[in-house]
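Enquirer: Mind having a look at this structure? Questions to follow.
In our numbering, the protein residues as written are -9 to 100.
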């Protein structure tokens, strides 16, 4: 059976909600934000903590040559810098691109 790939465009808040609702430990998640590309296997997903102010956090075991490299990303801290998320589960791939804000290209002469 071929891999199925689905492409979506979402707002930053929708991207965070997608991760909350659909991503599970052992899935592969590739997160592109700012100038960072973090591909890896999901270790844990930790819900928000109102006491500490931390947002939804994802721990990843990064793919690559670095030994024992795991990171934790607070999605609320980076959501406005998210460019793309690639979620791989079984034979399904979901690619989510961040919707770009509207830019006003009009210029007024004074």
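We treat Cβ as the ideally placed atom computed from N, Cα and C, and that holds for glycine.
Counting pairs of Cβ atoms below 8 Å between the segment 77 to 88 and the segment -2 to 15, do you hit three or more?
Expert: The segment 77 to 88 is in contact with the segment -2 to 15.
Enquirer: Report the three-state DSSP secondary structure of residue 59 (helix, strand or coil).
Expert: Three-state DSSP puts residue 59 in coil, outside helix and strand.
Enquirer: Roughly how many angstroms lie between the CA atoms of residue 44 and residue 99, to the nearest whole one?
Expert: Looking at the two C-alpha atoms, the distance is approximately 46 Å.
Enquirer: Residue 65 and residue 105 - do their beta-carbons sit closer together than 9 Å?
Expert: In the structure as shown, the chain starts at -9 and stops at 100, and residue 105 therefore has no counterpart that could be examined.
Enquirer: Secondary structure at residue 24, three-state DSSP: helix, strand or coil?
Expert: DSSP places residue 24 in coil when its eight states are reduced to three.
Enquirer: In its own chain, which residues sit with a C-beta less than 8 Å from the C-beta of residue 83, not counting the 5 before and 5 after it?
Expert: Same-chain partners within the cutoff: -7, -6, -5, -4, 76 and 77.
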